[in-house]
Structure formats: structure tokens, C-alpha cells
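One structure is given here, and the rest of the page talks about it.
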Amino acid sequence: MRVENAERAAGAEIVVVPHTHWDREWYLPFQRFRLRLVSLLDAVVDRMEADPRWRFTLDGQMAAVEDYLEIRPERRDRVAALVREGRLAVGPWQILHDEFLCSGENTVRNLELGMRGARELGAAMMVGYLPDQFGHCAQMPQILRLAGIEHACVWRGVPDRVRSCAFAWEAPDGTAIRTRYLPEGGYGNAASMFEEAGDGPSPPPGRIAGFAAAMGRWSPHGGPLLAMYGADHTAPAADLADRIAAAGPGMRLDTLAGFFAEEGTALDGLPHVRGELRSHARANILPGVISARVRLKQLMGLAERRVERYAEPLTALWYAGDAQTFLDLAWRRLIEASCHDSVTGCGCDETAEQVAAHMAEADQLGRAVCDLVTAERAASVPLGSHLVFNPTPDRRTGLVTLDIPCEGEPGLVTGDGRPVPVQTIDIAPTVLDDAVHPASALPVLLERVYGRVLYGQEIRDWSVSRDERTLTFHVTSRADVPFDIDEVREALRGAEGEWRVRILADPRRTVAALVDVPPLGLTTVRPVPASGPEEGPVALEGSVLDNGLLRAEVHADGTLGLRTPSGHVIEGVGRIVDGGDLGDTYNYAPPADDEIVGDPLTVEVERVSDGPLVAAFDIIRTFRWPRGGDLERDARTEAEEDVTVTVRAELRAGEPFLRLRVAFDNRCDDHRVRLHLSLPRQADSSFAEGQFAVTERGLTAEGGFGERPVPTYPASGFVAAGGIAVLLEHATEYEITGAGREMALTLLRAVGHLSRDRNAYRDQPAGPQLPTPGAQCRGERAVGMAVLPYDGERPGGDVLQAAEAYRHDLLTAAGYGHASAVPPAPREGIAITGDGVVMTSLRARDGWTETRMVAQCTEPTTAVLRGDFTEAVRVDLRGRPGIPLDVHAGTAALALRPWEIATVRLRTP
Numbered sequence: 001m002r003v004e005n006a007e008r009a010a011g012a013e014i015v016v017v018p019h020t021h022w023d024r025e026w027y028l029p030f031q032r033f034r035l036r037l038v039s040l041l042d043a044v045v046d047r048m049e050a051d052p053r054w055r056f057t058l059d060g061q062m063a064a065v066e067d068y069l070e071i072r073p074e075r076r077d078r079v080a081a082l083v084r085e086g087r088l089a090v091g092p093w094q095i096l097h098d099e100f101l102c103s104g105e106n107t108v109r110n111l112e113l114g115m116r117g118a119r120e121l122g123a124a125m126m127v128g129y130l131p132d133q134f135g136h137c138a139q140m141p142q143i144l145r146l147a148g149i150e151h152a153c154v155w156r157g158v159p160d161r162v163r164s165c166a167f168a169w170e171a172p173d174g175t176a177i178r179t180r181y182l183p184e185g186g187y188g189n190a191a192s193m194f195e196e197a198g199d200g201p202s203p204p205p206g207r208i209a210g211f212a213a214a215m216g217r218w219s220p221h222g223g224p225l226l227a228m229y230g231a232d233h234t235a236p237a238a239d240l241a242d243r244i245a246a247a248g249p250g251m252r253l254d255t256l257a258g259f260f261a262e263e264g265t266a267l268d269g270l271p272h273v274r275g276e277l278r279s280h281a282r283a284n285i286l287p288g289v290i291s292a293r294v295r296l297k298q299l300m301g302l303a304e305r306r307v308e309r310y311a312e313p314l315t316a317l318w319y320a321g322d323a324q325t326f327l328d329l330a331w332r333r334l335i336e337a338s339c340h341d342s343v344t345g346c347g348c349d350e351t352a353e354q355v356a357a358h359m360a361e362a363d364q365l366g367r368a369v370c371d372l373v374t375a376e377r378a379a380s381v382p383l384g385s386h387l388v389f390n391p392t393p394d395r396r397t398g399l400v401t402l403d404i405p406c407e408g409e410p411g412l413v414t415g416d417g418r419p420v421p422v423q424t425i426d427i428a429p430t431v432l433d434d435a436v437h438p439a440s441a442l443p444v445l446l447e448r449v450y451g452r453v454l455y456g457q458e459i460r461d462w463s464v465s466r467d468e469r470t471l472t473f474h475v476t477s478r479a480d481v482p483f484d485i486d487e488v489r490e491a492l493r494g495a496e497g498e499w500r501v502r503i504l505a506d507p508r509r510t511v512a513a514l515v516d517v518p519p520l521g522l523t524t525v526r527p528v529p530a531s532g533p534e535e536g537p538v539a540l541e542g543s544v545l546d547n548g549l550l551r552a553e554v555h556a557d558g559t560l561g562l563r564t565p566s567g568h569v570i571e572g573v574g575r576i577v578d579g580g581d582l583g584d585t586y587n588y589a590p591p592a593d594d595e596i597v598g599d600p601l602t603v604e605v606e607r608v609s610d611g612p613l614v615a616a617f618d619i620i621r622t623f624r625w626p627r628g629g630d631l632e633r634d635a636r637t638e639a640e641e642d643v644t645v646t647v648r649a650e651l652r653a654g655e656p657f658l659r660l661r662v663a664f665d666n667r668c669d670d671h672r673v674r675l676h677l678s679l680p681r682q683a684d685s686s687f688a689e690g691q692f693a694v695t696e697r698g699l700t701a702e703g704g705f706g707e708r709p710v711p712t713y714p715a716s717g718f719v720a721a722g723g724i725a726v727l728l729e730h731a732t733e734y735e736i737t738g739a740g741r742e743m744a745l746t747l748l749r750a751v752g753h754l755s756r757d758r759n760a761y762r763d764q765p766a767g768p769q770l771p772t773p774g775a776q777c778r779g780e781r782a783v784g785m786a787v788l789p790y791d792g793e794r795p796g797g798d799v800l801q802a803a804e805a806y807r808h809d810l811l812t813a814a815g816y817g818h819a820s821a822v823p824p825a826p827r828e829g830i831a832i833t834g835d836g837v838v839m840t841s842l843r844a845r846d847g848w849t850e851t852r853m854v855a856q857c858t859e860p861t862t863a864v865l866r867g868d869f870t871e872a873v874r875v876d877l878r879g880r881p882g883i884p885l886d887v888h889a890g891t892a893a894l895a896l897r898p899w900e901i902a903t904v905r906l907r908t909p
């Protein structure tokens, strides 16, 4: 069959697509790469204007266009003219992202931003071009189709069973899209076709025939052959159009958009692939990027949640002003950071630092918007009370930590008078300073007052006693009285001798409060005298935590045993295992003579909190880890380092999961640290929540190319197997080990090179052999997660709900209204319920409130939306309206097939 295909292809037309693959930041930081980009595009634009035969595809990402036009703004009209003529293909993405290390919502906004920017220039290339991502997420076909894109084009991750250049790629919901595989070299399969062309302008005939034969083996149905003429950061030959013309009528220039315009969308007769593409059979997928520079993954997860689930819903539902510019800027930073050489951590140290700064900036913007909205709402909340926001679309009872004025045991009630359970966590000191100073030092001491702030609190009162030579300041968290420091100076004029200066704070306590909040809604809590000793379900007794839903006991080796009321017993939770890693940021590679360290030298347990709403203890273990890797011996060093690992275990009232936070100071190099959990029953597969889906994976990975097919995989919201679900704060690498008896989650992977030319788990370089000392991840490290036992083989709605609650704590803001004001009653936002229905975003858009949800379940379900809206319409990812929904009394229902993504716009009064 392959021979027949090659013969058939000998006369097939070859469509040459000149392009560049542009890594915005990688082994060089962004600005150094951009200088090269400007030079390249200057030449390309000039040639295209001089020769109408020229075509060029700009890598599927608008970031390269915008980065260029920021330096060459005078060329915008010239670039737009080429786009309008169809000779320069731009978009549809803003950036070529990593599909597993950012949220599904980030992917949607990436496509949204890229398509909008491309249309502003003239047209977006309507091809899901994904040339260099390290594998592809399961829902990408549905995402592309919902944006109006009917073709995908991929390289890495395609499984072995695909033996043709076209296949039907199906998402979990059943949406299928015609997909072009780029065999024989990926996006550079024709990069060498025109090199050393000889005496004449045309490529050697043997080279053309060789290309046709090689590509023909992948073209059982005939048709034009796609020749991707380009490589990383390179421009096509200046006389390319002449060379194509000299090659004869069987070869022509075009853009990728032009090629796919003639491709058709039929799926009949094509090989069928369902779900994610993470096979090592056809190309390296470089799975070590999941765990390289874990801090970048943490920063991304934090910033995405802040913007997606706090700032945008707060603004859409509870803000009278306009914060959209700040939100747009936050999304630009998140999308920039999602690039496949950025969040992955496989760039140089300078790049990693810049990526971290972009993520931090996105988080800062999200926090600023949250502060803006809550400040507006907190203005009507009495001083001393607190506003509480629920970022989830279902009614929620959760724990918050508050700082409240209180002399004795505290009490709290909601704005409508319902009691709130309270537990004291800490009692703040009331005497902040009490010392004697000479009178000559008093002017200098008064310089400590910044405006009205002293010792981090505000001055509410002060007094001077000349008889007792005493100056007293009374401070509180927020004062609502005038203050003038010059009055104090005047009262001290002429002071002599020794003076006593006292700073006294109002009595305050830090408390944990169990607050009930409406869906995406607001409530208030205010302090009242305690009605009696607080009771609750959580207790710490000896080495045992218990909240009535889960019991956790520390064993002598520092691991935990868990028990549920139904009788489930899980042992071996929280084992820490350290092993060597002589790989690089792309691929884990243990030394041949590895030393695995899993047994601690010492184990201690310290009480942190006793209940009744939250109880916790710290498990403190000391390990002796090798200090680094020894490349010459292919082993770990004999020199060792004592490392203390602290695991805080915490149970809260009403939560069926155990919270864990692992912290240690990494003083070692070239190693991998993982947290292990024994599974209560043997697992044949794992289930990982990622981008709009829960993906089931086996215990092995498919190989066949030049890379060891290690079964380490990414998970975002949770990973579940064998009766345990681990709830996650950020994208995390995991593996099911021990023949399905254990789960391992990577806490840290420390390596010293971007790529090693000799990597035991990869037979070719993945980039330059560049030292990356920052990727050794030295210093304090902390990772949070939670452990949830579940019934059944596949995790269900209880796991989805737990993951939602764990990742999205209630948000609080201190009230600053008049102390005698009446606290507002609880207010409901938008409720979204349904078995397996998960909300992924809610924002203001085009005068509507737009929400997106996905049915993360294997059976059809119904999403029910309830709120103060009078009109509802389903739209696609570009906001184009579809089917109106019936609305009755502020309620609308939407039937969803399994794994379907739905976007709905709501009209509110």
C-alpha cells in the first residue's frame, strides 16, 4: 500500500508553504528574539510587496505580528494589505501555547484574542495550526469547531495507528474535525528542499521526487502534498518564487490557509482517533516539561484562578464601574505566559524569570480588580464586619479566616442574623510597645507615624499626660476619626526628662468562621458576644485528626492512614521519595546507578490547631539526600545534605478531604522529589481533570520514536485512581506506579540544562545544551494538595464538587462603612447546577453576562441556570448567537451531551 501511495503521489501537485516557526522566547529571552524577528519580517514584507507571487504563513500566532508592529508601527497598513489579499496568513492563535499547562479557559481566550487581532488586520487563518505543542488536549477538536474552525494541523503526539497524513480527530463529546498530520519532519518537512539547488534556480529533481515519494506514503487518498518550507527563526530563500517557477507546473506557492481551503472537511474513510494526542510514536512529546520549574506552574494556576473565577465574576455581577481594560491586560499576560516554551520552563533562566513576572503581573491585575469591586461593596458593610464572596455557582458553606475586634470569646452572625460557627486561631497582642525615651527623642519617634498609620494599624485616639510624662496611642485596624500629628507635636512642646511611650491596640482575634454564602453571591458577617462555648466536628487527639467525614492518623514513619465512616482504609499516604535526575528541562532521565531515598532519619509531629472547625498538625521528617548528580559516574554524588520536609495535614468542618502542604528547603541538585500515596485498590487506569475534560489514561505510554515513553502525565484540577483522588492547585505531573498500587506526584524536578545532548531517555537534542542553574529550583519550596477517598471505579460528581471547593476558597474583605450601619442581607448571583456540570468562566461581554460550562460526565445531563436575568441565548466561542433558551422566573435549562462545552449569554436588568 505504501508503494502504491508513493507511485500515486509522483504526479501529485506539491504545495509549498513558506513560513517561520517563531518561538517568542526560548533559549534567548523575548527581546533578543524579537530583534531577529523584526529583521526577518522586514525582508519578508519587502519581498512580498515586490513580487506578487510570494506567499507567507506567520506560524499561526498573532503575537509575532504584534511584536513586529510594535517596533514597526509605520508598516501596519502594508502588513494589513498583504493579509487582505490572502498572501500573508495570520492567526488564529494569539500564541502557540502548551495545551496541558494552562486552563481550558486560557486556551479559549488565546483563540479569541488571536482571531480578533487577525480580523482587525483583514482575516484570520481559519486553521487550527498546532505545529509544535508537546501533545494535544482531548477537547481541542470541540474548541476549534466551536470557534468556527474545521481543520486542525498537528505534528507531535499522533499515535502509531495513524498511517496517513489526514485523520478524524474526535473530542470526548463526539465532535470530530479533519486533521492534517505533518509527517517526515513536522513543520519543517520541506526545509531542505531548496538548499544547494545546484547551477539552476530549481531544486534538484531527485530531491523533489524524494519528497513526493516520502509524502506519498502518507497520502492513500491522493491530493496535493503539503510541503512546509520553514524552520525555527528562519526566513525562506530570497529567490524562492523563482525556484518554484523553475520547478514547473507541479509545484506552487501558497499559504497554509490556501492549502486547507481546497482540502475539504469530509471524514469518511479516515483513521479515527478519539481524545488527547500524547503518543511518543511519531515524535518526541518531551513530557518532562510538565515538572520543570514547578513554580511556573504554581504561578500560572494561581493567576488563572484569580482572573477567571474571582475578578471576572465579581466585575460582571457586583461592580457598577468598568474594569475591562485591567482584565484584558491580565488575560494578555496569562496568554503570553502560556507559550509552549514559556510556562513549560524549558527556556533559559532569563526567559523563566520574565515568564514568572508576566504571571505575577496577571495575578496582581486580578487582585487589583478584586480589591476594586470588594471595596465598592465593603463601603456599605459596617466597620468591624466582613464581606464574603462565593466564587462557585452553587450555595457554599466554607471556612474563612477573619481578623475581628473582640475582648473575650468571639461570636459572629450573618447580615440577616444567622449564627456563624467560630474558632479562635490567634489572639493579637494589645501592647505593641511600652518603653521610656528621653524627651529629645520624641520628635524622632513621631516620625514612625505614616499619615495616621502606626505599627500597621490606624490611630483612633491619643493622649499626653505631662504629670505622668506619658504619651499613649490607641490603634485599631481601621479608624473612622480625624487625626493630625501636628496636634501631638504641639502637646509635647517643651517636654523634658524621661517619657514613657505606649502603643496600645484594641483587642483583636484571628478566627476561623464557617460561613454559608449564596451561589456567586455575597454575604456579611459581624461580631457579636459569644453565646457559649463553640462546638464543632473537628478534633485533634494525639496523632489523630477527625472531622466526622475523615480520620487521619500519623504513623511512625511519618505517613498517614485514612479512614472513612463507611469503612474505607487507606494507608501509606504522604511518603516522600527522592531520586536522581541527570536529564534536562524536557526529559527526566535517572542515573544508571540511582540512589532512591524514601526512609526518613527522624520523624516528629507538632500540633498546630485543635478544632472544633479546623484542626492540623505538622509532620516533620528529616532526610539525607545526595547533594547532586555525578555525570561521569552516571550516578548521584557521595556528598549528602540533610533536608527537613514538613507536611501540614489539616481537616476542616464539612470537607471530606485531607488538606496537605509539603514544604522544604531544596539545597540539592539533579534530583526529583515525589509524594507517594498507596492506592486502596489496584488501578488499571487513572483519571485526570484537565482542559474541559476528565481524561482516562492507562498505566503505560506508547513509544516508537526516539524518546523513552514514560507514563508520567499532567493533571490540573485532580487526578484519581484506585479509590483516591488528589485535588490539585496547579498543573501537576503524576504517575501510577507499582503495577497500579501507588500514585506518585512530582513536587520538584531539579535539573541543570535546558537540553542535554546526551540524555538517557531521549536520543536527540531538544534544544541547545545551555546551562540553566535556575532550573535546579534551589530554595524554599511548598506545594499544596488534598486527598479525597471516593467510591467506584471512575470519579464522579462528588470529586468534581470537592475539587471545585478546594481550588476556590471564599473571598473576604473588611467592611469600612459606618459602625452603626445595618449589614446588607445575603445576595445571590448566578446559580449553575446539574450533575457533572462545571462552570469555567463568568464575565461581562458585549453588554451581556456570559458564562461557560462543561458537562464533565459520561451521561447526558442538564444544566440549570438561575438568577436575575430575563433572556438567555447560547453562543459559540466567538460570541455569535445560536439557539435562545426559554427563561421562566429567572430560570433556564440547557440539555448537554457528555463532555459538551456550552457558552450562554444572559441579559440582566
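Numbering-wise (full-length UniProt numbering), the sequence shown opens with residue 1 and increments by one. Even for Gly, the Cβ is constructed at its ideal location relative to N, Cα and C.
Taking its Cβ as the centre, do 16 or more other Cβ atoms sit within 10 Å of Gly104, making it buried, or is it exposed?
buried
Report yes if the CB atom of Ala311 is closer than 7 Å to the CB atom of Val369, and no otherwise.
A contact, by the Cβ cut-off of 7 Å.
Using 8 Å as the Cβ pair cut-off and three pairs as the minimum, do the region 596-616 and the region 759-776 touch?
The answer is no - the region 759-776 does not touch the region 596-616, with fewer than three Cβ pairs under 8 Å.
Please classify Gly288 as buried or exposed, where buried requires at least 16 other C-beta atoms within 10 Å of its C-beta.
buried
Is it right to say Ser566 is buried, meaning 16 or more other beta carbons lie within 10 angstroms of its own, or is it exposed?
exposed
Could you tell me whether the region 469-476 touches the region 499-510, where touching means 3 or more Cβ pairs closer than 8 Å?
yes
Could you check how far apart the C-beta atoms of Gly583 and Val751 are, in whole angstroms? I think they sit under 8 Å.
The beta-carbon separation of Gly583 and Val751, rounded to 6 Å, stays under the 8 Å limit for a contact.
Can you give me the start and stop residues for the alpha helix (DSSP H) that Leu372 sits inside?
Asp349 to Ala378
Report, in whole angstroms, the separation of the C-beta atoms of Gly740 and Gly722, which I expect to be a contact under 8 Å.
7 Å
According to DSSP, is Met228 part of a helix, a strand, or is it coil?
Three-state DSSP puts Met228 in a strand.
From Tyr761 to Arg282, what does the alpha carbon distance come to, in whole angstroms?
The alpha-carbon atoms of Tyr761 and Arg282 are separated by roughly 16 Å.
Can you tell me which of Leu545, Asp516, Ile901 and Ala441 puts its alpha carbon nearest to the alpha carbon of Gly494?
Ala441
Per DSSP, what kind of secondary structure is Asn390 in: helix, strand or coil?
coil
Should Arg24 go down as buried or exposed, given a rule of 16 or more other Cβ atoms within 10 Å for buried?
With 16 or more other Cβ atoms within 10 Å, it is buried.
Out of Val436, Pro391, Ala191 and Pro220, which one is the CA nearest neighbour of Arg207?
Ala191
Just to confirm, are Gln691 and Gln133 a CB contact at a threshold of 7 Å?
no
Could you spell out the range, first to last residue, of the alpha helix (DSSP H) harbouring Trp331?
Gln324 to Ala337
What runs of the beta strand (DSSP E), each 3 residues or longer, lie entirely inside the region 648-735?
658-666, 671-678, 686-689, 694-697, 713-715, 718-721 and 724-728
Here's the rule: buried if 16 or more other CB atoms are within 10 angstroms of the residue's CB, otherwise exposed. What is Leu896?
buried
CB-CB under 6 Å to His151, same chain, minus the five flanking residues each way: which ones, in chain order?
Val127, Arg178 and Phe260
What's the C-alpha gap between Ala688 and Tyr790?
Spanning the two alpha carbons is a distance of roughly 14 Å.
Note down, in chain order, each residue of its chain lying with its Cβ closer than 7 Å to the Cβ of Gly717, except the 5 sequence neighbours on either side.
Glu689, Leu728, Ala803 and Arg807
Kindly indicate which three-state DSSP category Pro29 falls into: helix, strand or coil?
Annotated three-state conformation of Pro29 is coil, per DSSP.
Ends of the alpha helix (DSSP H) at Gln457?
In the DSSP annotation of this structure, Gln457 is not part of any alpha helix (DSSP H); the continuous beta strand (DSSP E) holding it starts and ends at Gln457 to Ser465.
Using only the alpha-carbon positions, how far apart do Asp757 and Pro590 sit?
15 Å
Measuring only the C-alpha atoms, how far is Met1 from Pro183?
A caution first: Met1 carries a pLDDT of 41, below 50, which makes its placement in the model unreliable, though a value can still be read off. Those two C-alpha atoms are separated by around 17 Å.
For Ile620, list the residues DSSP reports as bridge partners.
Glu604 and Thr646
Check for me: the beta strand (DSSP E) holding Gln776 runs from which residue to which?
Annotation: Gln776 is outside any beta strand (DSSP E) and is labelled neither H nor E by DSSP.
Does DSSP put Pro824 in a helix, in a strand, or in coil?
coil
I need the DSSP call for residue 915, collapsed to helix, strand or coil.
Given a span of 1 to 909 for the chain in the structure shown, any question on residue 915 remains unanswerable.
If you check the beta carbons only, do Ser338 and Asn106 fall under 7 Å apart?
yes
On the three-state DSSP scale, how would you describe Gly135?
Judged by DSSP in its simplified three-state form, Gly135 adopts coil rather than helix or strand.
Could you pull out every residue in the same chain whose Cβ sits closer than 6 Å to the Cβ of Ser279, ignoring the five residues on either side in sequence?
Gly157, Pro159 and Glu702
Could you tell me whether the region 543-557 touches the region 523-530, where touching means 3 or more Cβ pairs closer than 8 Å?
no
Under the rule that 16 or more other beta-carbon atoms within 10 Å means buried, what is Val3, buried or exposed?
Low per-residue confidence applies at Val3: pLDDT is 44, beneath 50, and the placement is therefore not dependable enough to give any value.
Name the one or two DSSP bridge partners that Ile901 has.
Val854
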